[in-house]
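Numbering (my numbering), first residue to last: 1 to 136.
Here is the structure we will look at, set down as structure tokens.
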């Protein structure tokens with residue numbers, strides 16, 4: 001981290017943390033849907049296996065991938081972050097929720113089911129507030 005990229009790094013780090021909380025809320029919702037149909041998930045290992053392999057959890061993958069990419073960028077010690085990085089994250093999140101991008105239709109369908117959940121709404125409001133406050 002350089003002094004020049006500290007503001008961008010700090011903003012993106014805060015966003016990454018907020019997205020993790022949001023993802024956790026979405027995962028909890030997806031688990032509840034799965035358990036309603038198939039019975040209880042026995043432990044975290046079974047949940048991990050379901051998330052990785054079961055079609056009922058596939059809708060979460062685009063957000064998971066975006067978060068992994070953001071983490072990789074933040075973990076890269078030899079990269080100076082700029083406003084371009086902030087704009088890239090804003091753009092990626094915009095595409096994820098855009099009705100015009102058919103690649104993420106499954107994510108949006110899962111999100112549409114989950115957005116009535118109070119924890120999903122609360123965590124979404126936090127990351128959106130952070131994102132909206134970011135200026136490149």
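Heads up, the beta-carbon is just placed ideally off N, CA and C, and yes, glycines get one too.
Per-residue burial, residue i [other beta carbons within 10 Å of its own, 16 or more giving buried]
| i | result |
| --- | --- |
| residue 11 | buried |
| residue 47 | buried |
| residue 110 | buried |
| residue 141 | Residue 141 cannot be examined here, being either before or after the span of the chain that is shown, 1 to 136. |
| residue 36 | exposed |
9 Å Cβ cutoff met for residue i and residue j
| i | j | result |
| --- | --- | --- |
| residue 119 | residue 29 | yes |
| residue 19 | residue 70 | yes |
| residue 51 | residue 27 | yes |
| residue 25 | residue 87 | no |
| residue 8 | residue 83 | yes |
| residue 93 | residue 103 | no |
| residue 34 | residue 53 | no |
| residue 4 | residue 80 | yes |
Top-ranked residue by Cα proximity to residue i, from the options
| i | options | result |
| --- | --- | --- |
| residue 6 | 123, 98, 85, 94 | 85 |
| residue 107 | 38, 34, 17, 63 | 63 |
| residue 14 | 74, 54, 41, 111 | 74 |
| residue 59 | 113, 91, 134 | 113 |
| residue 44 | 31, 38, 36 | 31 |
| residue 16 | 101, 117, 72 | 72 |
Endpoints, the alpha helix (DSSP H) within which residue i is located
| i | result |
| --- | --- |
| residue 126 | 118-133 |
| residue 50 | 44-53 |
| residue 41 | Note, residue 41: premise wrong, no alpha helix (DSSP H); not H, not E. |
| residue 72 | 61-75 |
| residue 90 | 83-97 |
| residue 107 | 105-114 |
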